[in-house]
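Numbering-wise (my numbering), the sequence shown opens with residue 409 and increments by one. Every residue, glycine too, gets a C-beta built ideally from N, C-alpha and C. Just so we're clear, the structure is a prediction, and the values are computed from it rather than from any experiment. Below you'll find the structure, written out as structure tokens, and then a few comments.
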Amino acid sequence: HGNFATEAFDPAVTNWKRWLKRFEGAVIVFKVPETQKVAYLLHFIGTKLFDILCDKLVPLDPYTQTYNTVASHLEDFYAPAPLEIAENYRFHQRKSDGESIHQYVAELHKLSINCNFGGYLKTALRNQFVFGLTSRRTQAILLETKDLTFNKAVQIALSMELTEKDVNKIQAAGASSVDYAGQKESAVKMKDKSSQHKKPVNRSVSFHKAKCVLQGVPKHNNTGGMNNNTYYRCRGKHLVSKCTLNREIVCSICGVKGHLAKVCMQKNKT
């Protein structure tokens, strides 16, 4: 038993009776001799509770008392017998308060311990469980259910709680999708609006430049053949393959490469 270890008693964490059960279980596991149980108990109750016990036993020494005597004095201080009517009042005042169904059920079980319900326990739990629900929808369904037991009421409430969570997730996901689509549509509209404000293209100039580039194409005669007499790049009477004009030459009138100013179609318009 040299490795004996257990948590020191803390009334903020657990009640005295439950802690004492854990302590006695540890005593068995670590095979603590009966003659040393009091010493171990006085050590693990903590400084505050040890002082309270010493005050109650004055002028007696706690270490000279039996284990049952020490445990009884500690129980009188930390676990006095509750008033049944007060415990019943607390139980019937309990309502679910922003907690899960599991948490609500656990609290009802805890409050029922000292109510002395006996064989009426399950009925009392069922009634208070239904009456204390904050979800009016769940409450209405349970009130309409025939032969409703406590366990059945809890199962129905858990199922509805899970369904509500799933619906909330789906709705949240749908809202995100709609928001994304709205942002995308707004971006498209902004892009269209921006393109409308761009400087319009001077189509007449573009058309003219295209015509000037195409001036190197020989004219067709009325019979579908080629008129080889005049070539519209340099006004020479030869085909394009025979033209010796530098193709990088730039027209001084329209600024397009590939023909001379004397054959530029823009010349007649200026």
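Bridge pairing for residue 425: absent [DSSP]. Residue 558 is positioned such that its CB atom lies closer than 7 angstroms to that of residue 533.
A Cβ-Cβ distance of about 23 angstroms is found for the pair residue 454 and residue 489, leaving them out of contact under the 8 angstroms criterion. Exposed is the label assigned to residue 508, since fewer than 16 other Cβ atoms lie within 10 Å of its Cβ. The C-alpha of residue 543 is placed about 9 angstroms away from the C-alpha of residue 504.
Counting the other Cβ atoms within 10 Å of the Cβ of residue 462 gives fewer than 16, which makes it exposed. Taken through DSSP and simplified to helix, strand or coil, residue 664 comes out as coil.
Take residue 474, set aside five residues on each side of it, and the residues of its chain with a beta-carbon closer than 8 angstroms to its own are 446, in chain order.
When the five nearest sequence neighbours on each side are left out, the beta carbons in the same chain lying within less than 7 angstroms of the beta carbon of residue 670 are those of 643, in order along the chain. C-alpha of residue 661 to C-alpha of residue 653: approximately 17 angstroms in a straight line.
The alpha-carbon of residue 414 is positioned some 10 angstroms away from that of residue 427. For residue 520, the enclosing alpha helix (DSSP H) begins and ends at 509–520. In this structure, residue 495 lies near residue 522, with their beta-carbon atoms less than 7 angstroms apart. Residue range 475–486 is occupied by the alpha helix (DSSP H) that includes residue 478. Scanning 469, 537, 526 and 528 for the CA closest to the CA of residue 500 turns up 537. Residue 658 is bridged by DSSP to 665. With contacts defined by Cβ atoms closer than 7 angstroms, residue 561 and residue 550 form a contacting pair.
In this structure, residue 424 places its C-beta atom within 7 angstroms of the C-beta atom of residue 486. Assignment of residue 415 by DSSP, reduced to helix, strand and coil, places it in the coil class.
Across the structure, residue 438 and residue 577 are spaced so that their CA atoms are roughly 50 angstroms apart.
Annotated three-state conformation of residue 462 is helix, per DSSP. Note on geometry: alpha-carbon atoms of residue 575 and residue 493 lie some 42 angstroms from one another.
DSSP places residue 498 in the uninterrupted alpha helix (DSSP H) bounded by 492–501. Taking C-beta separations shorter than 6 angstroms and ignoring five residues to either side along the sequence, the partners of residue 541 in its chain run 504 and 547, following chain order. Counting along the chain, the unbroken alpha helix (DSSP H) around residue 535 starts and ends at 529–539. The residues 665 and 666, in chain order, have a CB closer than 8 angstroms to that of residue 655 in the same chain once the five nearest residues on each side in sequence are set aside. Following the DSSP letters along the chain, one finds residue 448 inside the alpha helix (DSSP H) bounded by residues 445–452.
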